[in-house]
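Participant: Residues in the sequence shown are numbered from 0 upward in steps of one, following numbering that gives the first Met the number 0.
From the three backbone atoms N, C-alpha and C, an ideal C-beta is built for every residue, glycine too.
Take this structure, written in structure tokens, and hold onto it; I'll ask about it next.
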Amino acid sequence: MTEKNVWEVALEQFEIVAERLNLEPYIRERLKRPKRILTVNFPVRMDDGSIKFFEGYRVHHNVDRGPAKGGIRYHPSVSLDEVKALAMWMTWKCAVVNIPYGGAKGGVVCDPHKMSIGEIERLTRRYTTEISFFIGPEKDIPAPDVNTNPQIMAWIMDTYSMNMGYSIPQVVTGKPIEIGGSEGRVEATARGCLFTILKACNYLGLAIKNARVAIQGYGNAGYNLAKLIAREGAKVIAVSDSKGGIYNEDGLNPEIVMKHKVETGSVIDFPGGKNITNEELLKLNCDILVPAALEDQIHKDNADKIRAKIVAEAANGPTTPEADEILFRKGIFIIPDVLANAGGVTVSYFEWVQDLQSFFWTEEDVNQKLKEVMERSFDKVLEIFIKEKDINMRTAAYMLAIDRVARAVKLRGLYP
Ligand code: NAD
């Protein structure tokens, strides 16, 4: 594993590009520092009558291009450093796809798998109230991330609205359609990732038909990508979740695997596949590897064993800087997280726009607009990648993003 924590990784990635862009020291310093950090400690009544305390965070990394935007994560390993890194990546991501947002992230240290629905609802409502002065449709718009879903977004919308006294659907995205969610949001991250994979295949001369795909993580991003990429004719040869993975050289049927996961709680022991570990999945001989779980999965000790031609980062931060170097030397084409998974925030932006106008689009409209944004962004990043010659796609994406944010900072000037 990497010796650096995820915040140090985010800073290192930034520094490499700041140097390359020759950013002036003031702007460099400003973009390194999260603008606002909020830590909350709050009690929740558990089902057995006991009262348990939870720690949560909300970080605004930068708001120079618009309101802060970013998901909320529920996980035992959530830490302030992780949330800071994820908030910084959101700033770059919104800039890569050129949507008018800054970057934010939130998280609560908890294990939702060990909590009842009622406990998760009470935790969500209390956390929302604790951060309610920090969020808002013009300030900071949360969204789903690991272990949070449309139902949780509905509770956030309801709690915020109750506190304000009227319905404010535009305070959060990733909501159910019935209360102002957008068509296409559930699959947006995966669909956006698919558009970038198709573009990369086209650039590399790799046919998607029968391309062998391995996907780590079988949640919103991983499962939907498996489904969509199989529809393009690719063979999903392996998938995994936190308990382990499954492998079938002839291809797995993503929907049937999901049915098995819903019934048993995991993809493992799927009758049509052989059990493998998460580590084995990463090292499989495949064309396209999609990390769609957590950070730091591809690191200096396993990067050399990655055999895929394309690594498409549906997850945030799955590759450490040391691993980046190794993959680059091996000629593996990376579609970096800030580009590959930007479909989620892009359709979140569409949802916010629809809520603000109370005027809703069809799924075809949403998917078409998403395709335009993803393809245009991929082309811009690829252009820099080709022009610069000695950098990977991550550095190219960061160059595009950081330059856009730096220009905004410069134009707005120093207050007062
Ligand atoms: P999710 O909670 O729906 O799914 C996460 C999946 O990862 C689950 O299948 C879980 O079992 C698996 N997992 C957890 N720990 C694992 C481990 N150690 N090894 C292997 N698998 C493990 O979450 P999600 O929304 O799909 O998010 C996954 C990644 O995608 C995260 O990095 C997230 O930040 C990123 N992402 C998600 C969205 C979105 O819209 N959902 C948008 C952008 C980025």
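Which residues in the same chain as Ile50 place their Cβ atom closer than 8 angstroms to its Cβ, once the five residues preceding and following it in sequence are excluded?
Facilitator: Closer than 8 angstroms at the Cβ level, and outside the excluded window around Ile50, lie Pro42, Val43 and Arg44.
Participant: The ligand NAD and Ser239: does any heavy atom of the ligand fall closer than 7 angstroms to the residue's C-beta?
Facilitator: True, at least one ligand heavy atom lies under 7 angstroms from that Cβ.
Participant: Please say whether Ala94 and Gly69 have beta carbons closer to each other than 8 angstroms?
Facilitator: Not in contact: Gly69 and Ala94 (Cβ atoms no closer than 8 angstroms).
Participant: From Val82 to Ile178, what distance separates their C-alpha atoms?
Facilitator: When rounded, the distance between both Cα atoms is 28 angstroms.
Participant: Tell me the DSSP bridge mates of Glu54?
Facilitator: Looking at the DSSP assignment, Glu54 forms a beta bridge with Asn40.
Participant: Would you please state the rounded distance, in angstroms, between the beta carbons of Asn391 and Ile333? I believe it to be under 8 angstroms.
Facilitator: That belief holds up - the Cβ atoms of Asn391 and Ile333 are roughly 6 angstroms apart, short of 8 angstroms.
Participant: On the CB-based measure, 16 or more other CB atoms within 10 Å of its CB, does Leu326 come out buried or exposed?
Facilitator: Leu326 comes out buried.
Participant: Please report the Cβ distance between Trp351 and Gln169, rounded to the nearest whole angstrom; I am assuming they are in contact, meaning their Cβ atoms lie under 8 angstroms.
Facilitator: About 6 angstroms separates the two Cβ atoms, so the contact holds.
Participant: Over what stretch of residues does the beta strand (DSSP E) that includes Arg72 continue unbroken?
Facilitator: From DSSP, the beta strand (DSSP E) with Arg72 extends over Ala67 to His74.
Participant: Should Ser357 be labelled buried (16 or more other beta-carbon atoms within 10 Å of its own) or exposed?
Facilitator: Exposed, because fewer than 16 other Cβ atoms sit within 10 Å of the Cβ of Ser357.
Participant: Ala153 lies in the alpha helix (DSSP H); which residues open and close that run?
Facilitator: Where Ala153 is concerned, the enclosing alpha helix (DSSP H) stretches over Pro149 to Met163.
Participant: For the stretch 188–249, which segments carrying the beta strand (DSSP E) assignment without a break, of at least 3 residues, lie completely within its bounds, in sequence order?
Facilitator: Here the runs fully enclosed are 211–215, 234–240 and 243–246.
Participant: Less than 8 angstroms between C-beta atoms, sequence neighbours within five positions excluded: which residues of the same chain meet that for Leu193?
Facilitator: The answer, listed in chain order, is Leu224, Leu227, Ile228 and Glu231.
Participant: So, is Gln12 buried or exposed, given that buried needs 16 or more other C-beta atoms within 10 angstroms?
Facilitator: So Gln12 counts as buried.
Participant: For the ligand NAD, is there any heavy atom lying closer than 7 angstroms to the beta carbon of Gly69?
Facilitator: No, the Cβ of Gly69 stays beyond 7 angstroms of every heavy atom of the ligand NAD.
Participant: Check whether the Cβ atoms of Glu321 and Lys299 lie closer than 8 angstroms to each other.
Facilitator: Yes, the pair counts as a contact, with Cβ atoms nearer than the cut-off.
Participant: Please go through the stretch 327–391 and give each complete beta strand (DSSP E) segment of 3 or more residues, from N-terminal end onward.
Facilitator: You should have 332–334.
Participant: What distance in whole Å lies between the Cβ atoms of Pro143 and Met152, which are believed to be in contact at a cut-off of 8 angstroms?
Facilitator: Indeed, because the Cβ distance is near 6 angstroms, the residues count as touching under 8 angstroms.
Participant: Hey, how far is the Cα of Phe359 from the Cα of Thr147?
Facilitator: Taking the straight line joining both Cα atoms gives about 24 angstroms.
Participant: With respect to 7 angstroms, is the separation between the Cβ of Val256 and the closest non-hydrogen atom of the ligand NAD below this value?
Facilitator: No; taking the cut-off as 7 angstroms, the Cβ of Val256 has no heavy atom of the ligand NAD nearer than that.
Participant: Mapping DSSP to helix, strand and coil, what is Pro143?
Facilitator: Three-state DSSP puts Pro143 in a strand.
Participant: Buried or exposed: Met0, going by 16 or more other Cβ atoms within 10 Å of its Cβ?
Facilitator: With a pLDDT of 47 at Met0, under the threshold of 50, the predicted position of this residue should be treated as unreliable, and no value is reported.
Participant: Sort Ala220, Ala210, Ala84 and Asn277 by Cα distance to Lys242 and report the nearest one.
Facilitator: When each option's Cα is compared against that of Lys242, the closest is Asn277.
Participant: How about Val145: is its Cβ closer than 7 angstroms to a heavy atom in the ligand NAD?
Facilitator: Yes, the Cβ of Val145 comes within 7 angstroms of a heavy atom of the ligand NAD.
Participant: Could you tell me how far apart the beta carbons of Ile130 and Val171 are, in whole angstroms, since I believe they sit closer than 8 angstroms?
Facilitator: With a Cβ gap of about 11 angstroms, Ile130 and Val171 do not count as contacting.
Participant: So, helix, strand or coil for Asp292, using DSSP?
Facilitator: Correcting the residue type first, residue 292 is Ala in the shown sequence and not Asp. In the structure shown, Ala292 sits in coil (DSSP, three-state: anything other than H, G, I, E or B).
Participant: If we ignore side chains and look at the alpha-carbon of each, how far apart do Val8 and Thr319 end up?
Facilitator: The alpha-carbon atoms of Val8 and Thr319 are separated by roughly 7 angstroms.
Participant: Could you check how far apart the C-beta atoms of Ile287 and Ile196 are, in whole angstroms? I think they sit under 8 angstroms.
Facilitator: Right, the Cβ-Cβ distance comes to about 6 angstroms (below 8 angstroms), so this counts as a contact.
Participant: State the Cα-Cα distance for the pair Val145 and Glu23, rounded to the nearest angstrom.
Facilitator: Roughly 36 angstroms separates the two Cα atoms.
Participant: Tell me the DSSP secondary structure of Val408 in three-state form.
Facilitator: In the structure shown, Val408 sits in a helix (DSSP, three-state: H, G or I).
Participant: For the ligand NAD, any of its heavy atoms closer than 7 angstroms to the Cβ of Gly264?
Facilitator: Outside the cutoff, so no.
Participant: Using three-state DSSP, classify Met0 as helix, strand or coil.
Facilitator: Reliability fails at Met0, whose pLDDT of 47 lies under 50, so the model's placement of it is uncertain and the value that follows must be treated cautiously. Residue state, collapsed to three classes: coil.
Participant: Taking only runs of the alpha helix (DSSP H) that begin and end inside the stretch 245–275, which ones reach a length of at least 4 residues, in chain order?
Facilitator: You should have 253–263.
Participant: Are the stretch 370–386 and the stretch 61–68 in contact at 8 angstroms, needing three or more beta carbon pairs?
Facilitator: Counting Cβ pairs under 8 angstroms, fewer than three are found: no touch.
Participant: By the DSSP assignment, the beta strand (DSSP E) with Lys104 in it spans what residues?
Facilitator: Note, Lys104: beta strand (DSSP E), Gly101 to Val108.
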